[in-house]
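Peer 1: In our numbering, the protein residues as written are 125 to 327.
Quick one: the structure is below, and I'll ask about it shortly.
Okay, structure coming up:
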């Protein structure tokens, strides 16, 4: 079941990668809102496949779609993930036309972030909002987003690099998290409550 944290405005941009999470969010939010899909192509081997999924879906459903593409080389000594993230968010900010930008971080992302930052001594929740970025799906599990796509016939692309544990986020997801859940199977409930309490303090 998809749960929203906070109210989503009637006119928004959505950061759409082409994966199940963002495609479910696009379908879920575009029914009763004016939506612009923002897709950033990282110029990886998989990137054009993901872009085509987003472009085709938006065309079939009458959704405006704006495409950005990585045009810079990664500087020496800079993390590929950090570089991609900065370039992606720079594109979102430039093309958002001052509208709120929805990113599709979900509860699994929030749990992984909380565990990772806790191991570094500074436990942190993914914030519901930052500048003009909103994350209303933080209370929804990834499984709910995948199930939404399957039940609604929403297409999405599987990025094979998501299984590559040389990326820290994938190592946390595939190696660290299963062990953490063996210690505390209720981790998602713990972080769910923390997210709701943090949001209630903000409003």
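Glycine residues also receive a C-beta, built at the ideal position from the N, C-alpha and C atoms.
(1) Pull up the DSSP beta-bridge partners for residue 139, would you.
(2) Helix, strand or coil for residue 215, going by three-state DSSP, please let me know.
(3) Consider the C-beta atom of residue 187 and the heavy atoms of the ligand HEM; say whether any pair is separated by less than 7 Å.
(4) Sorted by chain position, which residues of the same chain lie with C-beta nearer than 8 Å to residue 174's C-beta, five sequence neighbours on each side aside?
(5) With a Cβ-Cβ cutoff of 8 Å, do residue 226 and residue 315 count as a contact?
(6) Return the bridge partner residues of residue 257 from the DSSP annotation.
(7) In this structure, does DSSP put residue 193 in helix, strand or coil?
(8) Can you give the Cα-Cα distance for residue 258 and residue 224, rounded to whole angstroms?
(9) Grouping DSSP H, G and I as helix and E and B as strand, with all else coil, what is residue 188?
(10) Figure out for me which residue from 152, 234, 126 and 221 has the closest Cα to the Cα of residue 278.
(11) May I ask you to report which of helix, strand or coil DSSP gives residue 282?
(12) Do you know offhand how far residue 146's Cα is from residue 138's?
(13) With residue 293 as the anchor, note down where its alpha helix (DSSP H) starts and where it stops.
(14) How many Å lie between residue 188 and residue 134 at the Cα?
(15) Between 170, 228, 197 and 190, which lies nearest to residue 215 when the distance is taken from Cα to Cα?
(16) Would you mind working out which of 212, 240 and 231 sits nearest residue 312, comparing C-alpha positions?
(17) Relative to the C-alpha of residue 182, which residue among 168, 158, 170 and 202 is closest?
(18) Taking all protein chains shown into account, decide if residue 263 is buried (16 or more other Cβ within 10 angstroms of its Cβ) or exposed.
(19) Quick check on this structure: which residue in 292, 272 and 249 has the alpha carbon closest to the alpha carbon of residue 321?
Peer 2: Here's the rundown:
(1) 162
(2) helix
(3) With respect to the ligand HEM, the structure shown offers nothing to examine, as it has no ligands at all.
(4) 141, 142, 143, 163, 165, 281 and 283
(5) no
(6) 225 and 254
(7) Correct three-state label for residue 193: strand.
(8) 7 Å
(9) Strand at residue 188.
(10) Of the candidates 152, 234, 126 and 221, the one whose C-alpha sits nearest the C-alpha of residue 278 is 152.
(11) coil
(12) 8 Å
(13) Its alpha helix (DSSP H) spans residues 292-295.
(14) 15 Å
(15) 190
(16) 231
(17) 158
(18) buried
(19) 249
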